[in-house]
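Contents: one structure, followed by commentary.
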Amino acid sequence: MKTLIIGNVYVDVIINVDSLPKTNDDILCKKQVISMGGCAYNVATILNNFGVEHDLISPVGKGIYASLIERELIENNYKIHIKEEEEDNGYCLCLVEEDGERTFITIKGIEYKYKMDWLDKIDSCDYENIYISGYEMEGHNGRIISRWLENQKNKKLFFGPGPRINFIEKDTLNKIFKLNPILHLNEEEAIKFTNEKDILNAARYLNNITDNTVFITLGENGVLYFNKDSYKFIDAVKTKVVNTIGAGDSHIGAIISSHSLGYEFEECCYIANKVSSKVVNSDKSRLEKDMFNKNEYILDNKVIV
1 MKTLIIGNVY
11 VDVIINVDSL
21 PKTNDDILCK
31 KQVISMGGCA
41 YNVATILNNF
51 GVEHDLISPV
61 GKGIYASLIE
71 RELIENNYKI
81 HIKEEEEDNG
91 YCLCLVEEDG
101 ERTFITIKGI
111 EYKYKMDWLD
121 KIDSCDYENI
131 YISGYEMEGH
141 NGRIISRWLE
151 NQKNKKLFFG
161 PGPRINFIEK
171 DTLNKIFKLN
181 PILHLNEEEA
191 IKFTNEKDIL
201 NAARYLNNIT
211 DNTVFITLGE
221 NGVLYFNKDS
231 YKFIDAVKTK
241 VVNTIGAGDS
251 HIGAIISSHS
261 LGYEFEECCY
271 IANKVSSKVV
281 NSDKSRLEKD
291 MFNKNEYILD
301 NKVIV
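Rendered as structure tokens:
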């Protein structure tokens, strides 16, 4: 089950602080880490760790950040499918507070200027799954990508809208929902978008508009798996939270990976909870290869090959 990941790779500049600064504050950074991230790359990393076949389509520009991204992709055996010379890539400044919660400041680059020509070069016949995140679906990019997606038939579409779900143009969002995506978002995102107070009602609302499976992560309370009138709350794996960056991306990456390897979606939730518990216990946004042993995630004596 080969997966196409469409999205952006970012340089994450992660800064640890006691709490977010207020106007006129003068605070000290406790620690700085520079890491490669972005929703698409975080998801791709998990698929790569599980040995699941996939391709990552991500634009690479020209400049300081583009050179860091290009080197990272080549070192990890990813083909550079889109190379543009007109502008540098952007980066993400991530402020991480003492309790692990994070705030993002995104500096835009070439990755916000998608062209239909980029996507028309993709042979979609090679893929059964397609993954997109909300960060790629805003504004111009969303109009381009959603138009291309409308022409992709018989694909399993995984959509992680993230906190941008309320910023995506309604026309773009409606186009995606008509494609019956498998939705993955967190509790706050689901409640804000649906205006429901109860998480089950929010899941039911999302399931009704997509007519497909919904996963809602609940932090330390695990994940809600909802499909039609069948649902289950699956407990989280207890761990010390150091940094929540990339946890949601890694969770959906683990769901795509384990489902591709033959697990049912409910089983995938247990695996994804294990994976995301490792991510939040790290100061990085991705579980790199040296931090990952796929055999830790076997369920019921099923063998991951």
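Counting along the sequence shown from 1, when you hit position 169 you're at 169 in this note's numbering, and nothing is skipped either side.
Virtual Cβ for every residue (Gly too), placed ideally from N, Cα, C.
Residue(s) in a DSSP beta bridge with residue i
i, result
"Pro59", "Ile82"
"Lys121", "According to DSSP, which records beta bridges pairwise, Lys121 is partnered with nothing at all."
"Lys31", "Asn16"
"Met36", "Val11"
"Phe226", "Val214 and Tyr231"
"Val96", "Asn16 and Arg102"
"Thr3", "His54 and Asn129"
"Phe158", "Tyr131 and Ile182"
"Glu91", "Before going on, a small fix: residue 91 reads as Tyr here, not Glu. Per DSSP, Val11 and Ile107."
Residue burial classification, residue i (beta-carbon count within 10 angstroms, cutoff 16)
i, result
"Ile298", "exposed"
"Val305", "Low per-residue confidence applies at Val305: pLDDT is 45, beneath 50, and the placement is therefore not dependable enough to give any value."
"Thr3", "buried"
"Ile105", "exposed"
"Thr23", "exposed"
"Lys240", "exposed"
"Val9", "buried"
"Asp120", "exposed"
"Asp12", "buried"
"Cys29", "exposed"
"Asp290", "exposed"
"Gly38", "buried"
"Asn16", "buried"
"Gly51", "exposed"
"Lys238", "exposed"
"Ile64", "exposed"
"Ile110", "buried"
"Asp249", "buried"
"Lys31", "exposed"
"Lys156", "buried"
"Ile27", "exposed"
"Ile34", "exposed"
Pair within 8 Å by beta-carbon distance, residue i and residue j
i, j, result
"Ile216", "Asn186", "yes"
"Ser19", "Glu97", "yes"
"Phe265", "Tyr225", "yes"
"Met36", "Glu87", "no"
"Asn42", "Gly253", "yes"
"Tyr135", "Phe158", "no"
"Ser282", "His251", "no"
"Tyr114", "Asn141", "yes"
"Ala247", "Val214", "no"
"Glu188", "Arg164", "no"
"Ser260", "Asn154", "no"
"Tyr205", "Ile234", "no"
"Gly160", "Ser133", "yes"
"Ile6", "Ile74", "no"
"Glu150", "Lys170", "no"
Contact set for residue i: own chain, Cβ-Cβ below 8 Å, skip 5 residues either direction
i, result
"Lys197", "Ile191"
"Asp211", "Asn180"
"Leu200", "Leu224, Phe226 and Tyr231"
"Phe177", "Ile209 and Thr210"
"Ala203", "Ala190, Val214, Ile216, Leu224, Phe226 and Tyr231"
"Asp99", "Val241"
Cut-off 6 Å between Cβ atoms - residues of its own chain near residue i, not counting five sequence neighbours on either side
i, result
"Val60", "Ala66, Ile69, Glu70, Ile80 and Lys83"
"Ile255", "Cys268 and Ala272"
"Lys278", "Leu287"
"Met116", "Ile144"
"Asn207", "Val214 and Phe226"
"Ile182", "Phe158, Asn212 and Thr213"
"Trp118", "Ile82"
Proximal residues to residue i (C-beta, below 7 Å), its chain only, five neighbours per side dropped
i, result
"Lys312", "Residue numbering for the chain in the displayed model covers 1 to 305; residue 312 lies beyond these limits and cannot be assessed."
"Glu101", "Thr244"
"Met1", "Glu128, Asn129 and Ser260"
"Thr103", "Leu20 and Leu95"
"Leu47", "Thr3, His54, Gly253, Ile256 and Ser257"
"Asn337", "Outside the displayed span of the chain (1 to 305) sits residue 337, for which this structure offers no information."
"Gln152", "Ser124 and Ile130"
Check: residue i C-beta below 7 Å from any heavy atom of the ligand ZN
i, result
"Ala272", "Absent from the structure shown: the ligand ZN. Ligands present: none."
**Asked** Does the stretch 216-231 come within contact of the stretch 90-104, defined as at least 3 CB pairs closer than 8 Å?
**Response** no
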